[in-house]
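Report on one structure; see the data block that follows.
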Amino acid sequence: MKIDALGDRALIVKFSDVMSSEANILVRKMDIFLSNSKIEGITEWIPSYSSVTIIFDLLTADLKFVTEKIREFDESKYDLTLLPSKKIELPVAYGGIFGPDIEFVGKINGLSVDEIIKIHSSMTYTVQMIGFTPGFPYLYGMSEKIRAPRLEKPRKAVPEGSVGIAGTQTGIYPVNSPGGWRIIGRTPLKLFDPQKNPPLLFKIGDEIKFIPIDRKRYDLLCQK
């Protein structure tokens, strides 16, 4: 665990310089530690793949105080298997107007569209980070067989529910937004609703499984 200052009112706790499931487990444990400890002065924290950024109020805490409290973290005290987590099945219509980049992903990997769908939907993914836009889940567990580069020029508008690939990551656009990921499908389910509590369909640590559906099923689910 490495702790570095980020200006005068924030610090970053790093568990690794690369993405890994081991580092993300430590991130999730740190998230629990911060939630339970209620350290004076800490106003918020942002978990990522392998680090946690912690922001504090200078009127009630300083860098030395917060750093000392963070060093009290003992990862052995936390068992993630005891934490509540959801296993979510997300219906996805692959290809066509919903997945304009799926043929490109297949071409560069020497696979057919059906093979891309089979590989992508056969995996169980873990939500390792939420960011970019409200509720955008970065999912861990995608096969190297379907990796793909980001678009050279990002789209100005990506429809809500679009499922994309960037490198060896996959994720879902919860709202209409610009984006540079390769889009291979779309889910009709609403992932982010600011009127609900909680506003997100999932949280860090939840597991997601994609279920292929056809256009007819997609349209039917949109009506619900």
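Going by full-length UniProt numbering, the sequence shown opens with residue 1, and the numbers climb by one from there.
Backbone N, C-alpha and C define an ideal beta-carbon position, used for all residues, glycine too.
#1: For SER76, which residues from the same chain have a beta carbon less than 8 Å from its beta carbon, with the 5 sequence-adjacent residues on both sides left out?
#2: Decide if residue 299 is buried, meaning its Cβ has at least 16 other Cβ atoms within 10 Å, or exposed.
#3: Give me, in chain order, the residues of the same chain whose beta-carbon lies closer than 8 Å to that of PRO100; leave out the 5 immediate sequence neighbours on both sides.
#4: Locate the alpha helix (DSSP H) running through ALA23, then write down its first and last residues.
#5: Let me check understanding here. Comparing Cα to Cα, which of SER50, THR60, TYR49 and VAL27 lies closest to THR43?
#6: According to the neighbour-count rule (16 or more other Cβ atoms, all chains shown, within 10 Å of its Cβ), is LEU34 buried or exposed?
#7: Taking residue 287 as part of the alpha helix (DSSP H), name the residues at either end of that continuous run.
#8: Let me make sure I understand the geometry here. Which of LYS145, GLN169, ALA157 and LYS153 has the alpha-carbon closest to that of PRO137?
#9: Between ILE119, PHE73 and THR81, which has its C-alpha nearest LYS38's C-alpha?
#10: Is there contact here, the region 89 to 109 with the region 192 to 200, by at least three beta-carbon pairs under 8 Å?
#11: Any contact between the region 44 to 51 and the region 12 to 21? By contact I mean 3 or more CB pairs, one from each, below 8 Å.
The short version:
#1: Position 76 of the sequence shown holds residue 76. Closer than 8 Å at the Cβ level, and outside the excluded window around SER76, lies no residue.
#2: Nothing about residue 299 can be reported from this structure: the residues present for the chain run from 1 to 224 only.
#3: Your numbering for residue 100 matches position 100 in the sequence shown. Excluding residues within five positions, the ones whose Cβ falls inside 8 Å are ILE183.
#4: In the sequence shown, residue 23 corresponds to position 23, counting from 1. 21 to 37 is the extent of the alpha helix (DSSP H) around ALA23.
#5: Translated into positions along the sequence shown, residue 43 becomes position 43. Selected option, being the one with the closest Cα: THR60.
#6: What you label residue 34 is simply residue 34 of the sequence shown in a count that begins at 1. It is buried - the Cβ of LEU34 has at least 16 other Cβ atoms within 10 Å.
#7: This structure cannot speak to residue 287, because the chain is shown only from 1 to 224.
#8: The count along the sequence shown starts at 1 and reaches residue 137 at position 137. Checked all of LYS145, GLN169, ALA157 and LYS153; the closest Cα to PRO137 is GLN169.
#9: Here residue 38 is taken as the residue at index 38 of the sequence shown, counted from 1. When each option's Cα is compared against that of LYS38, the closest is PHE73.
#10: no
#11: yes
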